[in-house]
Every structure is written in C-alpha cells, then in structure tokens.
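Under our numbering, think of the first position of the sequence shown as 29, with each following residue one higher. Right, one structure below, let's go through it.
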Amino acid sequence: MEGKKMISLKEFNTFGVQATTPLFNEVKTSLALQEVIKNKNYDNALIIGGGSNILLLEEFSRPVIKISIPGIRIINESDNMAVVSAGAGVVWHDLVMWCVTNNLGGIENLSLIPGLVGAAPIQNIGAYGVELSDVFFNVVAIHRKTGHSRIFEAEDCAFGYRDSVFKQELKDEYIITTVRLSLTKKNHVLNTSYGNIKESLDEMKVKNPTIDDIAKAVIRIRRSKLPDPKSLGNAGSFFKNPIVTQTETKHLLEQYPNMPYYSIDDTFGKIPAGWLIEQAGFKGAKNGNVGMHTNQALVLVNYGNATGASLWEYAKKVMASVKEKFGIELETEVNIIL
Ligand SMILES: Cc1cc2nc3c(=O)[nH]c(=O)nc-3n(C[C@H](O)[C@H](O)[C@H](O)COP(=O)(O)OP(=O)(O)OC[C@H]3O[C@@H](n4cnc5c(N)ncnc54)[C@H](O)[C@@H]3O)c2cc1C
Numbered sequence: 029m030e031g032k033k034m035i036s037l038k039e040f041n042t043f044g045v046q047a048t049t050p051l052f053n054e055v056k057t058s059l060a061l062q063e064v065i066k067n068k069n070y071d072n073a074l075i076i077g078g079g080s081n082i083l084l085l086e087e088f089s090r091p092v093i094k095i096s097i098p099g100i101r102i103i104n105e106s107d108n109m110a111v112v113s114a115g116a117g118v119v120w121h122d123l124v125m126w127c128v129t130n131n132l133g134g135i136e137n138l139s140l141i142p143g144l145v146g147a148a149p150i151q152n153i154g155a156y157g158v159e160l161s162d163v164f165f166n167v168v169a170i171h172r173k174t175g176h177s178r179i180f181e182a183e184d185c186a187f188g189y190r191d192s193v194f195k196q197e198l199k200d201e202y203i204i205t206t207v208r209l210s211l212t213k214k215n216h217v218l219n220t221s222y223g224n225i226k227e228s229l230d231e232m233k234v235k236n237p238t239i240d241d242i243a244k245a246v247i248r249i250r251r252s253k254l255p256d257p258k259s260l261g262n263a264g265s266f267f268k269n270p271i272v273t274q275t276e277t278k279h280l281l282e283q284y285p286n287m288p289y290y291s292i293d294d295t296f297g298k299i300p301a302g303w304l305i306e307q308a309g310f311k312g313a314k315n316g317n318v319g320m321h322t323n324q325a326l327v328l329v330n331y332g333n334a335t336g337a338s339l340w341e342y343a344k345k346v347m348a349s350v351k352e353k354f355g356i357e358l359e360t361e362v363n364i365i366l
C-alpha cells in the first residue's frame, strides 16, 4: 500500500466520511514503523487504527500511517496473574475474545468496543464499569521524532476518564506499538453492577456467571443498544459526560429535579451528556444526512453521504444549545482531525 496517490479514507473511518490522503503506509512491525517515520514526508502523519474515534474534516490532506502490528501472547505469569502482550494492530474485541477463551479475566466488560489495541490507551477505553487503566501493565511506544522506543508504565500515562497523557501533553508525540495487560488467571473479579449486565444475565438464565457469561451479556446489550457503524456511520459517544462541581449540580437540580447525576467525590460529579442533549431537543433530531441517534442521543450519526464538516457543524450546534440551556460546555470524546 506504500506511496499510492490520493487514497480514499472512507473505509478507514467508521463515520464513513470521504477524505483523501496523498500518502498511505500500512505498517506490520515496529521496525517498519521506525523506517517510515524516518521519512520527512510522514512528519505530520495521522496515525490510524480502526478509525472508530476520529472525525476527518474535508480539508484533511495529511499522510496516514495505518498500524497493523499483529500478535497476542502471554509474556509473564504467576499462579494468579498473567501479563498479556498484544500488537497495536490487533482488533480490540479479538483480544477480549482471546483472553476470555484462555480464561484470563479483566477485560470481558470491554467486549465489542470497536477499534484496535493501540488506540485503547489513548482515551483509556471504558464500558460497563471497567476501564483499560484497571488492567493496564504497560505500553511500548515509539517517539515520532527520534524513532526511539520507550516503555510507559501506568504512572506515566496519566489515565483519566476517556483521557491519558497521549491525548494531552504527549499528543501526537508517540506511536503505540504494543499494549500489555495484567489479567487474572483465577478468582476473577466480576463486575456485574453496571448497566443492564445483571438483567441480561438473568435473561440468559445464568446464576453463577463466568467471564465468558459477562462477555456474552455485554455483547448482547451492546448489539441491542448501539448502532453498528457498518450500517450507520458513527463513532460511538461523540461527547464525554461532563464533570461538574457539586455546587453547580445543586443549582441545576433546583431547576431540573429529574436530572440524572453520578457523584465522583465530595467535589465533583458526572452528568450524562445524552440526557443534556435530549433535553436540548436533539435526541433523534436530524438535519439532512446528519443527526443525533434516535435511541442514543450521545451518538452523532452520518445517515447518508454527510461530510466531515457538516457532522462537525451539527456537533457544534448541539454543544451551543447545551451551553445555552445548562451553562455546561460539552467536550468531544471523538478526535476531530484536521
Ligand atoms: C459503535 C461504537 C461504540 C463505541 N463504544 C465505546 C465504548 O464503549 N468505550 C470507549 O471507550 N470507546 C468506545 N468507542 C470509541 C472507540 O471504539 C475507541 O476509542 C477505540 O479505542 C478507538 O480505536 P481505533 O483503533 O478505532 O482508533 P482510531 O479512531 O483509529 O484513532 C483514535 C485516536 O488514537 C490515535 N491512535 C490510534 N492508534 C494509535 C497508536 N497505535 N499510537 C498512537 N496513537 C494512535 C489516532 O491518531 C486518533 O487520534 C466506540 C466507537 C463506536 C464506533
């Protein structure tokens, strides 16, 4: 795939928007990646995994490096724990299934999250009460300017809610090549308290769930709730759930007593962005080929041949309405790529 001219990226982003790149290189090893980044033409390349957390704007014209480094293996183990190492190009859900099949516990709640392993630490993926940081061991990453390889331990990554050092201070500085996770071999700690997992297990008539049952329950729930990007262009939750102070929340609750709210600590809490968007009148709303999903107000949707620019315009409209109604600034979870 090296060096082809004006390659369409439509198939490389789950929004399915049209954008082109003059230079596209798919790398299958760390060494190949180190060679490619020596080439000055790739200095400002976009690193792409599964393209499920990006919105490409039309004027995009950067080179692209697609990470396809394969491989999953256990690199260390004790009686209770195993460290699993996966190439950045492994499909995240394939890694989850590999772990479940090998009775390694910790990421079953993260079943069916789209995208590749290498992007998982970037926004510290999370779902159904579990985040990547809960099982994180370390990552190997290559510095884009020097080509040097570096190991990032958990304390180097500044993981937060859909956030890490790779989205902040070190944004676009490192390319992740390997992700290592610390997983349980026995006495798995099952997390069934979040979302509809318990109900789903009941429907499946499971009394004493295994990690395989949890994965199956999560897959069932996700399939029934989330639009499949193969049939409807989207990138999952477009916005983060805003974190607000308890004082702000108190004021809002006086005006909106039914507002859902989750306490984080004595000072902060989270308000579901989907609720704010719904209250602002955007749940299921549409403008041409663009809109917020009928069942999931947080999901921005490309209903047809929408452009990246029109999706972004619509998202900004939603943000402005929420700001006007609630005084809350929504932040995007999806990376807006120029
Ligand atoms: C239907 C749907 C549901 C989703 N549900 C969830 C969910 O429940 N929880 C959740 O957390 N996310 C969710 N997402 C978002 C998305 O799946 C995750 O953010 C995923 O980790 C993105 O992986 P990707 O390979 O597609 O990344 P991409 O979209 O290709 O890239 C995302 C960002 O990471 C950078 N990047 C990618 N790979 C590397 C690398 N190897 N090194 C350095 N930088 C890199 C890119 O440059 C870009 O800035 C959902 C998305 C969809 C479409």
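Cβ coordinates follow ideal geometry from the N, Cα and C atoms, glycine included. Quick caveat, the model's predicted, so the values are computed rather than measured.
Are residue i and residue j touching if we call contact CB-CB under 8 Å?
i    : j    : result
I249 : E136 : no
R172 : I65  : yes
I299 : P270 : yes
I141 : V167 : no
G188 : L144 : no
V272 : I305 : no
P149 : P91  : no
Q62  : I153 : no
L123 : I100 : yes
T206 : A147 : no
E359 : K268 : yes
V158 : L132 : no
V318 : S349 : no
V362 : P255 : no
For a test of your reading of the model: does the CB of residue i fall under 7 Å from any non-hydrogen atom of ligand 1? Yes or no.
i    : result
I203 : yes
F194 : yes
A148 : yes
P91  : no
L328 : no
T42  : yes
S80  : yes
Q62  : no
Given a threshold of 16 other Cβ atoms within 10 Å of its Cβ, counted over all protein chains shown, does residue i qualify as buried or as exposed?
i    : result
M34  : exposed
M29  : With a pLDDT of 49 at M29, under the threshold of 50, the modelled position of that residue is not reliable, and the figure given next carries that caveat. Answer is exposed; the Cβ neighbour count stays below 16.
V45  : buried
F342 : At residue 342 the sequence reads Tyr, which differs from the Phe that was named. Under this definition Y342 is a buried residue.
I225 : buried
K32  : Because K32 carries a pLDDT of 48, less than 50, the predicted location of this residue cannot be relied on, and the following value inherits that uncertainty. Exposed, because fewer than 16 other Cβ atoms sit within 10 Å of the Cβ of K32.
H121 : buried
Using DSSP with H/G/I as helix, E/B as strand and the rest coil, what is residue i?
i    : result
G79  : coil
V124 : helix
M287 : coil
S161 : helix
I367 : A question about residue 367 goes unanswered here, because the residues of the chain that appear run from 29 up to 366.
K214 : coil
T42  : coil
E282 : helix
F310 : coil
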